[in-house]
Structure formats: structure tokens, C-alpha cells
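Student:
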Amino acid sequence: MSAPAADSTATDPAYEQRLAAFVGTELQPPTPGPDPVNVPMIRHWVEAMELTNPVHLDADAARATGRADVVAPAAMVQAWVMRGYAATVRPTASAGRFQELVDLLAEGGYTSVVATDSDLEILRELVPGDRVSVEEVVEEIGPEKRTGLGVGRFVTTLKTYRDAEGEVVATQRWRTLRFRPQEKPAPAEPTAVRPRPAINRDNAFWFDAAREHRLVVQRCSDCGALRHPPGPMCPECRSLAWDTVTAGGEAVLYSWVVAHHPRHPAFESPYLVAVVELAEGTRLITNLVDLDAADLEVGMPLRLRWLDADPDLTLPVFGPADQED
Ligand SMILES: [Zn+2]
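Just so you know, the numbering used here puts 1625 at position 131 of the sequence shown, and the rest follows in order with no gaps.
1) Out of Y1765, T1654, V1711, state which residue places its alpha-carbon closest to the alpha-carbon of V1571.
2) E1544 lies in the alpha helix (DSSP H); which residues open and close that run?
3) I want to check one thing, is the minimum distance from the CB of A1788 to the heavy atoms of ligand 1 below 7 Å?
4) By Cβ distance below 8 Å, which residues in the same chain neighbour A1542 in space, the five residues on each side in sequence not counted?
5) Is any heavy atom in ligand 1 found nearer than 7 Å to the beta carbon of E1475?
6) Can you tell me which of the three DSSP states D1611 falls into?
7) Might you give, ordered along the chain, the residues of its own chain that have their beta carbon closer than 8 Å to the beta carbon of V1739, omitting 5 neighbours on each side?
8) Within the present structure, is the beta-carbon of D1716 separated from the nearest heavy atom of ligand 1 by less than 7 Å?
9) Closer than 6 Å by C-beta to P1507: which residues in its own chain qualify, once you throw out the five before and the five after it? Chain order, please.
10) Can you tell me where the beta strand (DSSP E) holding D1784 begins and where it ends?
11) Quick one: Cα of P1723 to Cα of P1729, how far?
12) Going by alpha carbons, who is nearest to V1645 out of S1715, L1747, L1671, R1577?
13) Quick one: grab the DSSP three-state call for A1658.
14) Indicate, with yes or no, if ligand 1 has a heavy atom lying under 7 Å from the CB of S1749.
15) When every heavy atom of ligand 1 is checked, does at least one fall within less than 7 Å of the C-beta of S1763?
16) Based on the DSSP secondary-structure assignment, which residues constitute the bridge partners of V1628?
17) Please confirm if the segment 1784-1791 is in contact with the segment 1694-1708, defined as three or more CB-CB distances below 8 Å between the two stretches.
18) Among D1597, D1529, I1616, which one has its Cα closest to the Cα of R1577?
19) Does the Cβ of H1755 have 16 or more other Cβ atoms within 10 Å, making it buried, or fewer, making it exposed?
20) Assuming V1565 and L1551 form a contact by the criterion Cβ under 8 Å, report the distance between their Cβ atoms to the nearest whole angstrom.
21) Does the distance from the CB of L1809 to the CB of L1785 come in under 8 Å?
22) Please report the residue range of the alpha helix (DSSP H) in which P1507 lies.
23) Reducing DSSP to helix, strand and coil, say where I1635 ends up.
24) Can you tell me where the alpha helix (DSSP H) holding F1699 begins and where it ends?
25) Could you tell me the distance, in whole angstroms, from the CA atom of D1702 to the CA atom of V1687?
26) L1595 and L1521 look like a contact to me (Cβ under 8 Å); what is the Cβ gap, rounded to whole Å?
27) Express the C-alpha separation of D1806 and E1706 in angstroms, rounding to a whole number.
28) Using a 10 Å radius around the Cβ and a threshold of 16 neighbouring Cβ atoms, would you call G1527 buried or exposed?
29) Please name the residue in T1651, G1590, E1744, S1627 whose C-alpha comes closest to that of A1609.
30) Quick one: complete beta strand (DSSP E) runs, 3+ long, within the segment 1710-1745?
31) Using CA atoms only, rank isn't needed, just tell me which of P1726, G1813, A1704, S1733 is closest to D1716.
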């Protein structure tokens, strides 16, 4: 057994009493399902679950087993009373009662939940046309226990499913562990490095030059056309011969975005991703530094800077033109 944590209210008799007051009370009053038991929903279930028993869709097969007609799969009972998406956009009063219990458990520090088991007892098979309703009561709130997940309490509720005549067709004991998550060690200093570019034989020269703080642009040896990003063939004349020119570092802002998501530990969010047009004429995707998004304007002059991200990676970035390195 456990020693309660120092901040626990678990040993507080008043708290125990408030928890105990929930036992036996109704979390959900009798609530009818939105639709009667019906063949289309049965068909979806049978297909999704890949059920092979023909008694759910084939009336002759069902009659051959002594049943009057097709029957719904027993495990579907919960499906007939689900409110689906509506529950998230129009919470019911009963959701409020459930929330009260969740809040009270959270007050005791039991902020996390994991379902442990669902014990479903079927008393009669449901057939198309049946109208199912469900009610839920709190059956038990256990004493505080230490579990592998942390210190917590097992909460058991009992759902009772009834038909239109009020006869019980199924019961479901639903047990969850509400627990206080174990303290996790503080995360270590981020050690992330910038994502690696995909370097290959066609573009390695460009990154090699960057490591030497030279921004180069590939040039066709035959027609002289400049191109970026690097590639093996000139898009103008299809020549495979090329060399490079070194860019002077002057550029203008062509376009940009402010990147908020997805976050990456190597980047300080938000950050600026831009397309800049070099004075030589080619464009380059890069980051902007020492600039605020609010001050950016298409066409504004920019000046090359170098980002030595880590020993293996140096990248050209651009800052204001009127500010020297
Ligand atoms: Zn060419």
C-alpha cells in the first residue's frame, strides 16, 4: 500500500466524504439512443469488425438458428446509445454531473485516466426496431492505491441498457483508473541540430562552398545560364557541363512566410522563411535574421549573412542590407 504524496488530499476526511457522496448517484439519467436498432448500422459494424456469423444480416440464417429474424451483434449495445459528434458540440446536463466527478478527482490530484476494463453482460439479443436507452450510476470509488502508472483510485460505474418496455437488455461495468501522473525528470537541454539537407552528388558542391562562406550559383558552361537549386542539366540548353560563379551577397526579398508550426527543437519559433532573389538573378529559399515580420516588404534589399549551424552545416541566411556582419 501507499504513502500518500505530501500534496495529497486523499487522507482528508472531508475529501473522502465528498467522494463517497458520489457512490450510488446517477451520472447519466435514462437517455434514449438517437435511432432504433437498424440494419444499416448493423451492416457497417459487421463489415468494420469483419464478423462472419450470418445471423446479423441474413434472415434465413438467423431463423435456421431458432431466432425470429436477424439480431444485432451483442457488442454493439453501446453503439445504439452513442451521441456521437453531437456530444462534443452540445454537452448535456448529465455531462455536467460527470464533469463534477472528474473535477473532484482532479482536486485530489488524480488528473490522468486510463480505462482498465469493461465487463459487459448481455441479457437478451437486440433486433431491428428495438429502442435502447442507457443510464449510468457510480458503483464504487476505491481507496487510493499505488499502481505502475502512479497513485490513483479505481472508479467503477454501472451502465444499464434497457429496451422500450424498460426491461434490462445489458449491463456494463466500466472501470477506470484515475491517477496522479508520476513526476517526470526535467527534460535535458535540447540537443537537436537542424535537420540535415539531402546532400547528393549534384548539390554537394553548393554545401561545400557554403562551409567556406561562399554562396555559389551553378552556371551552364555552354550557354552561361545560371540555375538554382543545383541540378545535373541546364534547363535552357540541356548541357551537362557546368561551373559556378560566386554571388556577391546582395538580394531582394521576393516572398516570405512566418513559420509557427510544426515546431522543431532546433528552431526558435516563430521564424522567417523567405525566397530571396539574388542580384545575379537566381532565387534561393533561406531564413531571414535580425528582421521582424512586421517590417518586411516585397522587394526590400537584403544582405547575405552566414549561419554556422553546427560543425557540419553552414547555411546562407539574409539580414537587413544596411547592417554589416
Ligand atoms: Zn545551358
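We put the CB at the ideal spot given by N, CA and C, even for glycine.
Tutor: Quick look at the numbers:
1) When each option's Cα is compared against that of V1571, the closest is T1654.
2) Counting along the chain, E1544 sits inside no alpha helix (DSSP H), nor does DSSP assign it H or E at all.
3) No, ligand 1 has no heavy atom inside 7 Å of this Cβ.
4) Only residues of its own chain outside the window of five on either side were considered, and among them none has a CB closer than 8 Å to the CB of A1542.
5) Any answer about residue 1475 is impossible in this case: the structure gives the chain only from 1495 up to 1819.
6) Strand at D1611.
7) Cβ-Cβ distances below 8 Å link V1739 to V1710, V1711, R1713, L1720, E1774 in the same chain, with the five nearest sequence neighbours on each side left out; the list follows chain order.
8) At least one heavy atom of ligand 1 is nearer than 7 Å to the Cβ of D1716, so yes.
9) For P1507, where only same-chain residues beyond five positions count, there are no Cβ hits under 6 Å.
10) No beta strand (DSSP E) holds D1784; DSSP gives it neither H nor E.
11) Cα to Cα, the separation comes out at about 12 Å.
12) Ranked by Cα distance from V1645, the first of S1715, L1747, L1671, R1577 is L1671.
13) Coil at A1658, not helix or strand.
14) Within 7 Å of the C-beta of S1749 there is not a single heavy atom belonging to ligand 1.
15) Checking the Cβ of S1763 against ligand 1 gives no.
16) Bridge partners of V1628: T1525, Y1655.
17) No, because fewer than three Cβ pairs between the segment 1784-1791 and the segment 1694-1708 fall closer than 8 Å, the two stretches do not touch.
18) Among D1597, D1529, I1616, the Cα nearest to that of R1577 is on D1529.
19) Label assigned to H1755: exposed.
20) Actually they do not touch by this definition, with Cβ atoms about 10 Å apart.
21) No.
22) P1507 -> alpha helix (DSSP H) spans 1507-1514.
23) Note: I1635 maps to strand in three-state DSSP.
24) Per DSSP, F1699 belongs to the alpha helix (DSSP H) from 1698-1705.
25) Across the structure, D1702 and V1687 are spaced so that their CA atoms are roughly 18 Å apart.
26) That pair is a contact at about 7 Å.
27) So the alpha carbons of these two residues sit roughly 11 Å apart.
28) Looking at its Cβ environment, which holds 16 or more other Cβ atoms inside 10 Å, G1527 is buried.
29) Just measuring C-alpha positions, the residue of T1651, G1590, E1744, S1627 sitting nearest A1609 is T1651.
30) Taking 3 residues as the minimum length, the beta strand (DSSP E) runs contained wholly in the segment 1710-1745 are 1710-1714, 1736-1740, in order along the chain.
31) Minimum Cα distance to D1716 is reached at S1733.
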